[in-house]
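Okay, structure first, notes after.
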Ligand code: 3PY
Ligand code: MG
């Protein structure tokens, strides 16, 4: 779903992080017009069942559900892909070797070692048209395996990460990159490192995305070649709306 979206969209696609398991929130965000969401298990206390329900609600709303997994292990990522996630974001991929060994787990043999779960939701409960071969094809071709580049080391080894088997796209994380560069929260050198990373990925022909906090940066990052951009998250949207609502009421 996400891969197809990237290939067919006339313009870069826009998504947001989602951290709240309430399905009411998922329906509201799902109807708002986002192209994709990233269900964030790295920074939100979501259970596997929470993630599963969110995948179902967002995909039924026509919003591609990606899942950011917690680490480089097989377990969670495999289960979310079998639950029908459109892809996974792997945080803190430090170098090419790590990119290859991590993504290998999420490719079916002979390319990798992912296990067959044809009877799961991603195989339409075993009744997918085209059978197990179609389940495997979707797992290889339609699913997006996205490496997060968010350390100085990964910026330094970016060309290797971009060339690693199974890396379908990269996502530049300015927050952790700023920590890794010793300037929490960001600075011009961090912005420059993000720009450099985006341009390197574009040159390699690998889809690249990032998260922006300022509206002006949406245009900038699109002009630099990002094909997917993330803005905000569900908790931030509620927080801001709540504060604005009460501030406006009290200002009367
Ligand atoms: C980062 O910026 O570190 C991220 O993980 C994206 O929000
Ligand atoms: Mg991060």
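Numbering (the UniProt record's numbering), first residue to last: 1 to 252.
Note that CB positions come from ideal geometry on N, CA and C, so glycine has one too.
| Item | Value |
| --- | --- |
| Would the stretch 192-207 and the stretch 234-241 be scored as touching if the rule is three or more Cβ pairs under 8 Å? | no |
| Any heavy atom of ligand 1 closer than 6 Å to the beta-carbon of residue 236? | no |
| With a threshold of 16 other CB atoms inside 10 Å of the CB of residue 16, please say whether the residue is buried or exposed. | buried |
| Measure from the alpha carbon of residue 92 to the alpha carbon of each residue in 159, 47, 171 and 205, then state which is nearest. | 171 |
| What I want to know is whether the C-beta of residue 175 ends up closer than 6 Å to one or more non-hydrogen atoms of ligand 2. | yes |
| Taking the alpha-carbon of residue 253 as reference, which of 201, 2, 44 and 219 has the nearest alpha-carbon? | A query on residue 253 cannot be resolved here, the shown segment of the chain reaching from 1 to 252 and no further. |
| Taking DSSP's pairing of strands, which residues face residue 145 in a bridge? | 88 |
| Classify residue 189 as helix, strand or coil using the three-state DSSP reduction. | helix |
| Relative to ligand 1, is the shortest distance from any of its heavy atoms to the C-beta of residue 38 smaller than 6 Å? | no |
| Let me check one thing: in DSSP terms, what residues is residue 209 bridge-paired to? | 171 and 228 |
| Which of helix, strand or coil does DSSP assign to residue 64? | strand |
| Identify which residue in 20, 35, 94 and 71 has its Cα closest to the Cα of residue 231. | 35 |
| Please report how far the alpha carbon of residue 100 lies from the alpha carbon of residue 54, in whole angstroms. | 28 Å |
| Does the beta-carbon of residue 208, which I'm using as the reference point, lie nearer than 6 Å to any heavy atom of ligand 1? | no |
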